[in-house]
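I have placed the structure first, in the form of structure tokens, so that the comments after it can refer back to it.
Okay, structure coming up:
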């Protein structure tokens with residue numbers, strides 16, 4: 001696990017600075033193999049061997065809850081930074097929003113199409129789920 005993470009991060013550095021792919025591909029393969037074997041063992045232990053005692057189940061549940069909470073905090077910080085920069089632009093941004101040189105998208109074109117596709121797929125998924 002740790003070696004695959006090292007290979008992956010070193011491969012990303014090599015790719016960013018020297019446009020070299022071999023170490024990155026090796027790191028991705030090692031990371032994929034590690035994840036596959038890890039989740040295979042979790043499924044095997046829980047399904048066939050019955051090792052997921054209530055204490056282990058509680059630990060897995062708390063781990064998932066902490067993961068979801070960390071994602072909520074990440075996106076809260078992300079949107080906080082966006083709204084802080086857009087509602088109170090600093091001198092570094094030229095005192096205006098959007099910053100000079102950035103052309104904003106028209107919200108009635110591509111963003112509206114993306115929202116429509118997302119809502120339509122959600123409606124069709126819910127409809128199929130309840131049929």
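In full-length UniProt numbering, the protein residues as written are 1 to 131.
C-beta: ideal position from N, C-alpha, C; glycine also.
Grab the span of the alpha helix (DSSP H) containing residue 120 for me, first residue to last. Working through the chain shown from its first residue, we reach residue 120 at position 120. From DSSP, the alpha helix (DSSP H) with residue 120 extends over 110-130.
In three-state DSSP terms, what is residue 31? For the purposes of this step, residue 31 is taken as the residue at position 31 of the chain shown. DSSP places residue 31 in helix when its eight states are reduced to three.
Using the beta-carbon count (16 or more within 10 Å), is residue 101 buried or exposed? Looking up residue 101 in the chain shown gives position 101. Exposed, because fewer than 16 other Cβ atoms sit within 10 Å of the Cβ of residue 101.
Straight-line gap, residue 52 to residue 46 (C-alpha atoms, nearest Å): The residue you call residue 52 lines up with position 52 of the chain shown. The residue you call residue 46 lines up with position 46 of the chain shown. Roughly 5 Å between the two C-alpha positions.
Tell me whether the beta-carbon of residue 11 lies closer than 8 Å to the beta-carbon of residue 27. Locating residue 11 in the chain shown gives position 11, where the first residue counts as 1. Locating residue 27 in the chain shown gives position 27, where the first residue counts as 1. For residue 11 and residue 27, yes; Cβs fall inside 8 Å.
Simplified DSSP state of residue 83, which is helix, strand or coil: Reading the chain shown from its first residue, position 83 is the one you call residue 83. It is helical.
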